[in-house]
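Peer 1:
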Amino acid sequence: MCCFLLLVYLVLSVTARDVSAEEVDCQVYNHLYVCLGNSVLHSVAFEDVNAVQTIEDIELHLEGLGIQDIAKDAFLEVTNSSALYIRDNQLSKIFKHYFADLDQLTYLDLKNNSIRDIEDGSFANLDSLETLILDHNNMIAFRPGMWKGLVDLHELYATNNKIALRRNMFKGLRHLETLALDCNEINEIPIGAFNGLPHIDLLYLSRNKISSLQLEVFRGLSEINELDLGRNSLRSVSGGVFRYLRNLNSLWLNGNQIVMIKADTFEGLDNLLLLFLNSNNLRFVDMSAFARMKNVTVDPGFKIAGRTMDNVSNVQGRFRCNNVAYQLPYECTEIGPQVQ
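If you count by mature numbering (1 follows the signal peptide of the UniProt record, and there is no 0), then the sequence shown holds residues -21 to -1, 1 to 319, one letter each, in order.
1. Please say whether M266 and V238 have beta carbons closer to each other than 8 Å?
2. Which residue marks the beginning of the beta strand (DSSP E) containing Q6, and which one marks its end?
3. If you scan the region 27 to 52 from start to end, which runs of the alpha helix (DSSP H) of 4 or more residues do you find wholly inside it?
4. What first and last residue would you give for the beta strand (DSSP E) that runs through N301?
5. Quick one: what's Y223 bridged to in DSSP?
6. Taking the beta carbon of K273 as the centre, do at least 16 other beta carbons fall within 10 Å, making it buried, or is it exposed?
7. Could you tell me whether the Cβ atoms of D88 and L63 are closer together than 8 Å?
8. Go ahead and pull the three-state DSSP assignment for A(-1).
9. In the DSSP assignment, the beta strand (DSSP E) including K75 goes from what residue to what residue?
10. Whose CA, out of M125, I37, H115, S71, lies closest to the CA of Y86?
11. Whose CA, out of Q47, T312, D48, lies closest to the CA of Q295?
12. Relative to the alpha-carbon of I49, which residue among K72, V28, G100 has its alpha-carbon at the smallest distance?
13. Can you pull the DSSP bridge partners for F281?
14. Whose C-alpha, out of I283, I46, E156, I165, is nearest the C-alpha of E205?
15. Could you tell me how far apart the beta carbons of A137 and L160 are, in whole angstroms, since I believe they sit closer than 8 Å?
16. Which ranges would you report for the beta strand (DSSP E) in the region 186 to 271 if only whole runs of at least 3 residues count?
17. Determine the burial state of R146: buried for a count of at least 16 other Cβ atoms within 10 Å of its Cβ, exposed for fewer.
18. V264 and F298: beta carbons closer than 8 Å?
19. Does L81 come out as helix, strand or coil in the three-state DSSP assignment?
20. Based on the DSSP output, what are the partners of A62 in its beta bridges?
21. For the beta strand (DSSP E) containing E134, name the first residue and the last one.
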């Protein structure tokens, strides 16, 4: 009887918002009463209000419902929720009123919608949010005003969009630790793009179109542990570009077009543990580039005089190398100090 009365209340409340009851369909979905009309989410309530009182982390699952818009106060009955999954819908813009009532959210999944813009202040009430997922949307840019309120955000995933990086675009996300920007057709990283991100630990930029790296591009990112630049269009890496990344443990440069490794290519990466270089066009390698990396493992490695080098930091000299096949070590022959 209680559940029936709740459903009646939801329908009547939707009608009170000038939407005829005939246009609204209220059904149980993933243990929620969900009212939809003309692809607009009008209200959400718990199927069993008493049951959720004993649950510490309450998740709202609204995936794949064809939602194009969200009415004001749609989440008024579920304000104690900690996670919202609204992926696989048809949202094209995020407005300020959408999540205003969900001030206890720690996780928001907006993956695979059609989002092209986020109104400034849309997350202003989400000061507990730790993870924001925007993968597979139509975003082309971010503005600092979008991040208002996200004082505790730790993870931002925005892969498979078409985002062009700009200076200061992530300012306001001081506690961000993970930033994933893979598959965005990025062709340039301007200096200052990562300003205001002093605690970034994981930075993923793979499968873009980055062809060069400016010397100061990673300035201020001294806490990075993993940097993925794999599957881009890098032909060379200037000496000193990684010098600010002294805590870096893992670096992906695989799948680029790098031809030469010079003595200063990896300056500053003394603590590197994993270096991925497979699927490049390496022709010349100065082994002194690895001299200070006492614990590094290079994938796929180097074979010199028929022997795969287990510890490249002990190898000296300049070598002409050839990539025989994917995942097989580069076969290298010493060419002498006079060859540049």
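Where is the CB? At the ideal position from N, CA and C, for every residue including glycine.
Peer 2: Reading from the atomic positions:
1. V238 is not a Cβ neighbour of M266, given a cutoff of 8 Å.
2. Segment 3 to 8, the beta strand (DSSP E) holding Q6.
3. Listed in chain order, the alpha helix (DSSP H) runs fully inside the region 27 to 52 are 28 to 31, counting runs of at least 4 residues.
4. Segment 297 to 301, the beta strand (DSSP E) holding N301.
5. In DSSP, Y223 forms no bridge with anything.
6. With fewer than 16 other Cβ atoms inside 10 Å of its own Cβ, K273 counts as exposed.
7. Yes. Within cutoff.
8. Unreliable positioning characterises A(-1) in this predicted model, as indicated by a pLDDT of 49, which lies under 50. The coordinate reading is nonetheless provided below. Helix at A(-1).
9. Segment: none, K75 is in no beta strand (DSSP E) and carries neither H nor E.
10. Selected option, being the one with the closest Cα: I37.
11. Minimum Cα distance to Q295 is reached at T312.
12. In this structure, K72 is the residue among K72, V28, G100 with its C-alpha nearest to the C-alpha of I49.
13. The beta-bridge partner set that DSSP reports for F281 consists of Y309.
14. Nearest of I283, I46, E156, I165 to E205, Cα basis: E156.
15. Right, the Cβ-Cβ distance comes to about 6 Å (below 8 Å), so this counts as a contact.
16. Segments of the beta strand (DSSP E) lying fully in the region 186 to 271: 205 to 207, 229 to 231, 253 to 255, 263 to 265.
17. By the neighbour-count definition (other C-beta atoms within 10 Å, threshold 16), R146 is an exposed residue.
18. Yes.
19. In the three-state reduction of the DSSP assignment, L81 falls in the coil class, being assigned neither a helical nor a strand state.
20. E38, Y86.
21. Residues 134 to 136.
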